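Trainee: Pasting a structure below so you can have a look.
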Amino acid sequence: MLEKFIRPRQVREAMGWSRSTLYEKISSGVVSRPVKLEACGRAVGWPEREIAAYQKARIEARGALASNPATDKGGCK
Numbered sequence: 635m636l637e638k639f640i641r642p643r644q645v646r647e648a649m650g651w652s653r654s655t656l657y658e659k660i661s662s663g664v665v666s667r668p669v670k671l672e673a674c675g676r677a678v679g680w681p682e683r684e685i686a687a688y689q690k691a692r693i694e695a696r697g698a699l700a701s702n703p704a705t706d707k708g709g710c711k
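Residue numbers (this note's numbering): 635 to 711.
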């Protein structure tokens with residue numbers, strides 16, 4: 635089965651992040667590193683299923699936060 639890759643601009647738009655926020659999330663390990671789309675090129679992307687899984691996890695975390703907002707800050711300091 636073919637995997638669709640999502641380019642950085644599409645990831646930023648889908649998540650509502652700036653460019654610097656996206657790369658901060660990658661550096662901190664919150665989001666996986668992108669896949670090089672060409673062996674010697676600069677083009678990168680993420681498998682669509684990984685981005686969808688991250689979005690799903692954030693949506694599910696919203697429910698957990700709503701039930702107990704005083705004890706869980708969603709991974710924030």
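We put the beta carbon where it would ideally sit given N, CA and C, even for glycine.
None of the values given here were measured: they were computed from a predicted structure.
(1) Looking at the secondary structure, which residues open and close the beta strand (DSSP E) in which residue 599 lies?
(2) For residue 659, which three-state DSSP category applies?
(3) Which same chain residues, not among the five before or five after residue 671, have their C-beta less than 8 Å away from its C-beta?
(4) From this set, 666, 649, 656 and 657, which residue's C-alpha is nearest residue 693's C-alpha?
(5) Report back the beta-carbon spacing between residue 652 and residue 646 to the nearest angstrom; my notes put them in contact at under 8 Å.
(6) Which first and last residues belong to the alpha helix (DSSP H) in which residue 673 is found?
Mentor: Reading it off the structure:
(1) Nothing about residue 599 can be read from this structure; the chain reaches only from 635 to 711.
(2) Looking at residue 659 - three-state DSSP - the assignment turns out to be helix.
(3) Excluding positions up to five away in sequence, the list reads 639, 677, 678 and 679.
(4) Comparing Cα positions, the closest option is 649.
(5) Taking 8 Å as the upper bound for CB-CB distance, residue 652 and residue 646 are in contact here, some 7 Å apart.
(6) In the DSSP assignment, residue 673 falls outside any alpha helix (DSSP H), carrying neither H nor E.
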